[in-house]
Amino acid sequence: MLTFLNRRRVLTAVILLTLLLTLPLTSRTVRLRFFGPRIQRISTWFANPAAHADWQVEIGTRCGNAPMIFPTTGFIGVGWGDGLWPLYQHTGYDIFSPAGAENVTPNIAAYDGYLTREDDWLSTVIIRHPDFPPFNGSPLSPGEQIWSYYTHMASADGSVSYVDPAFPPGTREKFVTAGTLLGYQGTWSGRPNDPVGLHLHFSIAASGADGSYTNETEIGNTYDPGLFLGLTANEEGIIGCWR
Ligand SMILES: [Zn+2]
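In the working numbering, the protein residues as written are 64 to 306.
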């Protein structure tokens with residue numbers, strides 16, 4: 064028969080053991096809570112993309128009269144602003160390929176502009192779009208310059224870049240038209256062998272006062288890509304061309 068003290072010890076041990084056993088689950092649960100229901104669909108998507116073809120947006124397509132074309136093929140699993148403000152808000156679209164392998168799904172320029180790839184950019188390019196023209200629902204001031212940003216174009220270990228060889232590190236202000244191949248979707252996270260799920264992170268960054276791009280990891284420096292692509296979330300929260 065357990066004394067009160069023993070029962071307390073047993074209870075503490077059980078609680079500790081439960082915590083230890085469920086730690087990976089806890090972090091997953093926290094992640095899901097953090098991003099909301101939209102992100103829960105990512106695992107569903109990866110399990111069987113063909114079963115959810117209606118979630119997929121096709122590369123090079125234009126939604127209605129939107130100024131930008133869709134920069135890759137896949138499911139927009141994480142949207143702009145997803146996350147738990149003020150701790151974190153996602154700054155662009157994460158577009159998950161159905162291919163099941165990296166270096167297969169092309170990424171293209173969403174709009175005409177001037178491409179830069181910094182010397183130390185393994186997986187990323189950015190395109191400057193000066194004097195962006197007015198369009199329906201535009202958040203921009205007249206004549207405002209913006210930048211479109213494309214990343215994760217490298218292998219999980221960081222040994223292979225999937226950025227097109229036309230844009231080696233150090234490329235500056237190279238003119239590209241909408242639809243130009245930039246590279247292929249990869250899994251590089253910025254840390255060796257800590258891969259992200261296969262996707263393109265696509266964002267629209269504002270210009271700084273000096274005309275350079277701002278830090279696109281800050282939500283306040285970015286615009287909702289959906290405004291430029293003509294995409295919205297439907298009642299289920301799936302982002303697509305619902306018009
Ligand atoms: Zn992202």
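Positions of the beta carbon are idealized from the N, C-alpha and C atoms, including for glycine.
Counted within 10 angstroms of its Cβ, other Cβ atoms place residue i as buried (16 or more) or exposed
i, result
"T240", "exposed"
"A272", "exposed"
"P130", "buried"
"F238", "exposed"
"S266", "buried"
"A269", "buried"
"G283", "exposed"
"G289", "buried"
"Y151", "exposed"
"D287", "buried"
"E236", "exposed"
"L147", "exposed"
"P87", "Confidence at P87 is low in this model, with a pLDDT of 48, below 50, so its placement is unreliable and no value can be given for it."
"G137", "buried"
"W305", "exposed"
"G253", "exposed"
"G206", "exposed"
"L79", "Caution is warranted here: a pLDDT of 44 is assigned to L79, below 50, making its placement in the model unreliable, and the coordinate value is therefore given only provisionally. Under this definition L79 is an exposed residue."
"A164", "exposed"
Anticipated Cβ contact below 8 Å, residue i with residue j, distance rounded
i, j, result
"I189", "Y247", "That belief does not hold up - the Cβ atoms of I189 and Y247 are roughly 17 Å apart, past 8 Å."
"T234", "T179", "6 Å"
"D183", "P232", "7 Å"
"Y177", "R191", "4 Å"
"E279", "Y212", "5 Å"
"L185", "G140", "Rounded, the Cβ-Cβ distance is 23 Å, inconsistent with contact."
"F230", "I209", "At roughly 19 Å, the Cβ-Cβ gap does not stay under 8 Å, so F230 and I209 are not in contact."
"G260", "F159", "6 Å"
"G311", "R101", "Because residue 311 is not part of the residues shown, which for the chain are 64 to 306, the question remains open."
"T250", "A219", "5 Å"
"T187", "T285", "Rounded, the Cβ-Cβ distance is 15 Å, inconsistent with contact."
Proximity winner among the options, relative to residue i (alpha-carbon distances)
i, options, result
"A162", "G200, Y151 and A113", "A113"
"H262", "Q152, N111 and D157", "D157"
"P169", "A217, L292 and F238", "A217"
"G200", "L294, S222 and Y225", "L294"
"T124", "G249, A219, N111 and A172", "A172"
"G300", "T154, N111 and G144", "G144"
"L292", "F133, I282 and V167", "F133"
"T256", "E236, D287 and V223", "The sequence given here places Asn at residue 256; Thr does not occur at that position. Taking only the C-alpha atoms, the option nearest N256 is V223."
"N128", "Y286, S160, G206 and F198", "F198"
"H215", "G142, N166, L244 and P205", "N166"
"I302", "A219, H264, P193 and D117", "D117"
"A296", "V120, E281, T187 and S106", "V120"
heavy atom of ligand 2 below 7 Å from residue i C-beta
i, result
"G200", "The model on display carries ligand 1 but not ligand 2."
(Q) Suppose only complete runs of 3+ residues qualify. What are the beta strand (DSSP E) ranges in the stretch 175-259, listed by chain order? (A) 176-179, 188-192, 209-214, 237-239 and 244-247
Q. Unbroken alpha helix (DSSP H) runs of length 4 or more, entirely within the stretch 265-297: which are they?
A. 288-292
Q. Can you list the beta strand (DSSP E) stretches of 3 or more residues lying completely in the stretch 103-188, in chain order?
A. 137-141, 156-159, 169-171 and 176-179
Q) ligand 1: which residues have Cβ under 6 Å from any of its heavy atoms, chain order? A) V141, H153, G155, D157 and H264
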